[in-house]
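Take a look at the structure below.
In the UniProt record's numbering, the protein residues as written are 1 to 315.
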């Protein structure tokens, strides 16, 4: 008996979907727009995370050592810093490598290159390049280096300088960008989801309003609430799934044509643009996950909206 009722509910739901052609088209159109907004939030979040990651990768702190600093002392400090959970990487750059990088950076400045040639010894010391997991963690590393200076056996400081304090303005600005972006993204997502739910709910409620007399007749002949509600929930789920499929199809040309407009994404730390995410490639690479998210949202949105909307007529 249970399976017979389930079969009847499914059949009635499908019949309701096909029979109410205009209302079904209107519901699908509105829910497609709703799910398109949900999918857009996924792409917006991906763009934001890509840009913030690139900004984070641009920021680091360097520990500059004096020329005669023993390599074993530098490597010991590198090992200590690598043991910190907040430290992502510590790169050792020898004085010879530092000189080679300096020459490459200033290869077009003949005056600087000539001055280096006139100096017999390498004027640059070794460097430790430090990257943390979050920009807010650089201050803790800088304070550790300040409170625990690296000394030679004779008690002479081996660290020439730590450039955190020179980069502090940029790091603080990056922290501000990350925090404000995450907060605004969460608020924007919440508002759009609530608005989408309200629109979808009212659209399906209108579809159910058309059949309010049919619901009254079913109640008069003794149909259970579940039997009455079931076909509308099935129809709502169909609305959601069809809308999700349409939204996924629409995203293909949209990301292909308009994706380049968001590359690179203009977020300014000091100057320039960041963002190495190409929306179309991201869409193709994550098609399964994005499809699952939008289909699940369509399923829940259609079913839940129908369930809540039909309750009014079952009281």
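Even for Gly, the Cβ is constructed at its ideal location relative to N, Cα and C.
Nothing here was measured: the structure is a model prediction, and the numbers come from that model.
Here residue 62 is bridged, per DSSP, to 129. For residue 134, there is no enclosing alpha helix (DSSP H), as DSSP marks it with neither H nor E. In the DSSP assignment, residue 305 falls within the unbroken alpha helix (DSSP H) covering 287-311. In this structure, the straight-line span from the alpha carbon of residue 256 to that of residue 235 is close to 32 Å.
In the DSSP annotation of this structure, the continuous segment of the alpha helix (DSSP H) that includes residue 76 starts and ends at 71-82.
In this structure, the beta-carbon distance from residue 242 to residue 28 falls below 7 Å. The residue from 215, 78, 214 with its alpha-carbon nearest to that of residue 93 is 78. For the pair of segments examined, the region 118-134 was found to touch the region 57-71: the number of CB pairs separated by less than 8 Å reaches three. Residue environment for residue 35: buried (at least 16 other C-beta atoms within 10 angstroms of its C-beta). For residue 250, the enclosing alpha helix (DSSP H) stretches over residues 225-258.
By DSSP's assignment, residue 161 forms a beta bridge with 64.
Short of 6 Å from the beta carbon of residue 229, and not among the five residues preceding or following it, lie these beta carbons of its own chain, in chain order: 310.
With a contact defined as Cβ atoms closer than 8 Å, residue 232 and residue 306 qualify at about 5 Å.
Straight-line measurement puts the Cα of residue 111 at about 34 Å from the Cα of residue 73. Taking the Cα positions, residue 222 is about 53 Å away from residue 282. Distance check between residue 30 and each of 169, 180, 205 places 205 closest, using alpha-carbon atoms only. In the assembly as shown, residue 50 is a buried residue. Its beta-carbon has 16 or more other beta-carbons within 10 Å. The beta-carbon distance between residue 192 and residue 37, rounded to whole angstroms, is 5 Å. This is short enough to meet the 8 Å contact definition. Per DSSP, the continuous beta strand (DSSP E) segment holding residue 90 begins and ends at 87-93. Each of 139, 24, 41 was checked against the Cα of residue 190, and the nearest Cα belongs to 41. Using a 10 angstroms sphere on the CB of residue 247, the tally of other CB atoms reaches 16 or more, which defines it as buried. Contact annotation: residue 89 and residue 131 have beta-carbon atoms nearer than 7 Å. The continuous alpha helix (DSSP H) containing residue 217 extends over residues 212-220. Of all alpha-carbon atoms in 137, 181, 157, the one lying nearest the alpha-carbon of residue 168 is that of 137. The closest CA to that of residue 85, considering only 195, 122, 140, is found on 140.
For the pair residue 39 and residue 294, the CB atoms are nearer than the 7 Å cut-off. Residue 26 has its alpha-carbon roughly 12 Å from the corresponding atom of residue 199.
Taking a 10 Å sphere around the C-beta of residue 155, we find fewer than 16 other C-beta atoms and assign the residue as exposed. For residue 157, the closest of 106, 43, 69 by C-alpha to C-alpha distance is 69.
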